[in-house]
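A.B. asks:
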Amino acid sequence: MIAFIGSVFSPYYYHARQRGQGEPTGYCAFNIALHGPGSTRWAMTERSGRVVARNQAELVIGPSALAFDGSALSLEFDEVAVPWPRRLRGRLRLLPTAMTSRDLALDAAGQHRWWPIAPSARIEVELTQPALRWHGQAYWDMNAGSGPLEDSFRHWHWSRAELPEGAGILYDVTRRDGSSQCVALRCAPAGEVEEVAAPPAQQLPPGLWRVARGTRVDPGHRARVRQTLVDAPFYARSVLATHVLGAPALAVHESLDLERFRQPWVRLLLPFRMPRRAG
20 MIAFIGSVFS PYYYHARQRG QGEPTGYCAF NIALHGPGST RWAMTERSGR
70 VVARNQAELV IGPSALAFDG SALSLEFDEV AVPWPRRLRG RLRLLPTAMT
120 SRDLALDAAG QHRWWPIAPS ARIEVELTQP ALRWHGQAYW DMNAGSGPLE
170 DSFRHWHWSR AELPEGAGIL YDVTRRDGSS QCVALRCAPA GEVEEVAAPP
220 AQQLPPGLWR VARGTRVDPG HRARVRQTLV DAPFYARSVL ATHVLGAPAL
270 AVHESLDLER FRQPWVRLLL PFRMPRRAG
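Read in order, the letters of the sequence shown are residues 20 to 298 in our numbering.
Below, the structure written as structure tokens:
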């Protein structure tokens, strides 16, 4: 699940900004993605500011609402999947093992910041449509920026791996000016975050849309794509079998190609996956 305020990938928000308009709260969405045999669904309906409300503890976007009570993050959602219209309705509760207080700048100007709020957490999910329920491990972070991503970055690769003690996170960015940065974090269960030396880089095979995928893996080991969850014109989400920060691990991985995202033909395709509704 991703909550967007001023959806960075929205073609509607992009065109509004080109006209010198575009208040972020007018372009909000919950992206709910379900991956599983026979149950894969994707919802990302953008909504106007008329049905958006937020304060320090709650965010409401249309029929779905996210709230944090100091100990658990809860989402109740009622969305419609695309491109085949099927209901995606249910609730989830994310319970952080611990929370961090440190955010990091991803660009030299500090316009884009990333905060791994809860590197390790537990999650409880109960869906009514489709009828599914499970619990397991989870992760919670936040990105915030004061400008379009594509103006600051060319591409990035991110991954989060569950380790025997805590979690390992890699964030590899290539900026628009050609400079690069890799953040490698070892996150302890109690919330301590240690920045460590980044492992060597490794390229991964691209998917159908040929988005370049890359990661970092401990010397003497190789990472492999275990499953591709999302294969889109400018974005790929995958599950990796890897060895990172001293341990074998499964990692959730994403690659974002903002050079591809800048292409007009990509923005023409986006409404099929990101419809917009007034209410």
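Where a beta carbon is used, it is the ideal one built from N, C-alpha and C, also for glycine.
Give me, in chain order, the residues of the same chain whose beta-carbon lies closer than 6 Å to that of E145; leave out the 5 immediate sequence neighbours on both sides.
C.D. replies: G109, R110, R152
A.B. asks: Within a Cβ cutoff of 6 Å, which residues of the same chain sit near G25, ignoring the five residues on either side of it in sequence?
C.D. replies: P43, Y46
A.B. asks: When the Cα atoms are used, what is the spatial distance from P149 to A62?
C.D. replies: 13 Å
A.B. asks: Given P306, which residues of its chain have a CB within under 6 Å of its CB, disregarding the five upstream and five downstream residues?
C.D. replies: In this structure the chain extends from 20 to 298, so residue 306 is not present and cannot be described.
A.B. asks: Considering only residues of the same chain and omitting the five flanking positions on each side of L264, which have a CB-CB separation below 8 Å?
C.D. replies: A180, L182, G187, A203, R205, V215, P218, D237
A.B. asks: Starting from V244, trace the beta strand (DSSP E) in both directions and tell me its first and last residue.
C.D. replies: It spans 243-250 - the beta strand (DSSP E) in which V244 sits, taken as one unbroken run.
A.B. asks: Pull up the distance between the alpha-carbon of D191 and that of P290, whole angstroms please.
C.D. replies: Rounded to whole angstroms, D191 to P290 spans 28 Å at the Cα level.
A.B. asks: What separation, rounded to the nearest whole angstrom, lies between the Cα atoms of A91 and L168?
C.D. replies: 30 Å
A.B. asks: Could you give the distance in angstroms between the alpha-carbon of P115 and the alpha-carbon of Y31?
C.D. replies: 34 Å
A.B. asks: Check for me: the alpha helix (DSSP H) holding S257 runs from which residue to which?
C.D. replies: S257 -> not in any alpha helix (DSSP H); beta strand (DSSP E) instead, spanning 254-263.
A.B. asks: Are the stretch 240-260 and the stretch 156-166 touching by the rule of at least three beta carbon pairs closer than 8 Å?
C.D. replies: no
A.B. asks: State the DSSP-derived secondary structure class of L53, mapped to helix, strand or coil.
C.D. replies: strand
A.B. asks: Along the chain, where does the alpha helix (DSSP H) that runs through A35 open and close?
C.D. replies: Start and end: 30-37.
A.B. asks: Which residues does DSSP pair with I188 in a beta bridge?
C.D. replies: R179, L204
A.B. asks: Using a Cβ-Cβ cut-off of 6 Å (strictly less than) and excluding sequence neighbours within five positions of A270, which residues of its own chain qualify?
C.D. replies: S178, A180, L259, T261
A.B. asks: Within a Cβ cutoff of 7 Å, which residues of the same chain sit near P225, ignoring the five residues on either side of it in sequence?
C.D. replies: A231, R232
A.B. asks: Cα-Cα, which of R106, A100, G68, L223 is closest to G41?
C.D. replies: G68
A.B. asks: Using DSSP's beta-bridge definition, name the partner residues of G164.
C.D. replies: Per the DSSP secondary-structure output, G164 pairs in a beta bridge with H131.
A.B. asks: Can you name the residues that DSSP bridges to E214?
C.D. replies: Residue pairing by DSSP puts E214 in a beta bridge opposite L204.
A.B. asks: Are there 16 or more other CB atoms within 10 angstroms of the CB of S198, so buried, or fewer, so exposed?
C.D. replies: exposed
A.B. asks: Is the Cβ-Cβ distance between A255 and E278 less than 8 Å?
C.D. replies: no
A.B. asks: Helix, strand or coil for R195 per DSSP?
C.D. replies: coil
A.B. asks: Note down the Cα distance separating A16 from R286, rounded to an integer number of angstroms.
C.D. replies: Since the first residue shown for the chain is 20 and the last is 298, residue 16 is missing from the structure and cannot be characterised.
A.B. asks: For L227, which beta-bridge partners are listed by DSSP?
C.D. replies: BP columns for L227 are empty, so no partner.
A.B. asks: Name the residue from R295, R296, F253, P294 whose alpha carbon lies nearest to the alpha carbon of W284.
C.D. replies: F253
A.B. asks: So which of A84, R60, D170 has the shortest CA-CA distance to E95?
C.D. replies: Scanning A84, R60, D170 for the CA closest to the CA of E95 turns up A84.
A.B. asks: Is H154 near I142, with beta carbons less than 8 Å apart?
C.D. replies: yes
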